[in-house]
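Numbering (my numbering), first residue to last: 4 to 347.
All residues carry an ideal CB built from backbone N, CA and C; glycine is no exception.
Taking it in order: structure first as structure tokens, then the write-up.
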């Protein structure tokens, strides 16, 4: 375990010194070595606040985000008597960024980064895991595969459903690909109305993310545009954003195609916030974050090993009524698999 001694890390700490007694004043940038098959010297970066003797809360962000996404929660949780560890996920920020797609399989992230890296390095036997988006999926996997290391678990937006050994989720991507090809054939023949009717799943964007290098090239071309487009509230939609949505990315030929070249700054982000996110992804690129989407079948195979295991830890599911992709209805019947579930 070692503290971030970089000029950037020290500057960020100074900027966060506020009122006397403010726990954010003690926010510390640190690293742990990653375990397992990761390349020697690989590190997981995290921001830390609160007394290390208190129960640990591990905050796991989603796509395309950062530890910084928890900036408004870190101080509150630490002040409530917890030891907060807000991580940069694998492929993000100052954490390690392996190139291989398979390095982003959930089993490796959980075992190498979270259990063998963070918890074992800090001698934390059990922790509370809270995640959003991909981080939400991650914390459910931790709780199911490692119940002995889970004190409690909570997810924002991402529901839990156990793996079904009889249904390979990759088959859904094969079907999406076939529908996409048929839609483009219909479009080329002049029947665009029927073609568009084939695009119904909000997960079409994940099909676009499968081809290595394609989405990376688009999203990295103008990182500030990418972040300004993606990190927006529903009430702050860009022109055409409701029409150019996640159901028709392959139809449009790109995640950002049809959206403004120079979007306004999102209302939920200050200029400093936008500059931080843009700076992080200018340095790290998008390959690592996109590789999380490229392990559908590997993740399914791993999760099939515990398909019948319930998550017994105290759990919280927070749904977002206006989430277009991870809708609240997807969390229906979670209590069957997570018996100690609370909802918000």
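- One thing to note: residue 252 has its Cβ no nearer than 7 Å to the Cβ of residue 306.
- For residue 148, the enclosing alpha helix (DSSP H) starts and ends at 137-148.
- The C-beta distance from residue 237 to residue 120 rounds to 35 Å, too long to meet the 8 Å contact threshold.
- Taking each of 204, 103, 44, 49 in turn and checking the Cα distance to residue 290, the smallest one comes out for 103.
- Residue 55 sits away from residue 30, with the two beta carbons spaced by 7 Å or more.
- The shortest C-alpha to C-alpha distance from residue 88 to any of 47, 304, 110, 174 is the one to 47.
- Selection 152, 69, 203, 161 evaluated against residue 180 yields 203 as nearest (Cα-Cα).
- Taking the Cα positions, residue 269 is about 24 Å away from residue 211.
- For the pair residue 272 and residue 234, the Cα-to-Cα distance works out to about 8 Å.
- Residue state for residue 196 is assigned as helix, using DSSP reduced to three classes.
- Note that the C-beta distance between residue 232 and residue 205 is not below 7 Å.
- Under the 10 Å beta carbon count, residue 196 is surrounded by fewer than 16 other beta carbons and is classified as exposed.
- Going by C-alpha positions, residue 167 is about 14 Å away from residue 147.
- For residue 177, the uninterrupted alpha helix (DSSP H) segment begins and ends at 173-191.
- Taking each of 279, 218, 62 in turn and checking the Cα distance to residue 131, the smallest one comes out for 62.
- At a Cβ-Cβ threshold of 7 Å, residue 201 and residue 178 do not count as neighbours.
- The Cβ atoms of residue 230 and residue 280 sit closer than 7 Å to each other.
- Under a 10 Å Cβ-count criterion, residue 284 is classified as buried, with 16 or more other Cβ atoms of the shown protein chains found around its own Cβ.
- The Cβ atoms of residue 157 and residue 133 lie closer than 7 Å to each other.
- If you ignore the 5 residues before and after residue 215, its C-beta comes within less than 6 Å of no other C-beta in its own chain.
- For the stretch 27-55, the continuous beta strand (DSSP E) assignments of 3+ residues that do not extend past its boundaries occur at 31-36, 46-52, in sequence order.
- Assigned with DSSP and collapsed to three states, residue 65 falls in coil, not helix or strand.
- Membership of residue 299 in the alpha helix (DSSP H) is indicated by the continuous run 299-307.
- Nearest neighbour of residue 315 by Cα position, chosen from 173, 264, 341, turns out to be 341.
- In the DSSP assignment, residue 228 falls within the alpha helix (DSSP H) that extends over 226-233.
- For residue 134, the three-state secondary structure derived from DSSP is strand.
- Beta-bridge analysis with DSSP links residue 278 to no other residue.
- Per the coordinates, the alpha-carbon of residue 86 lies some 19 Å from the alpha-carbon of residue 151.
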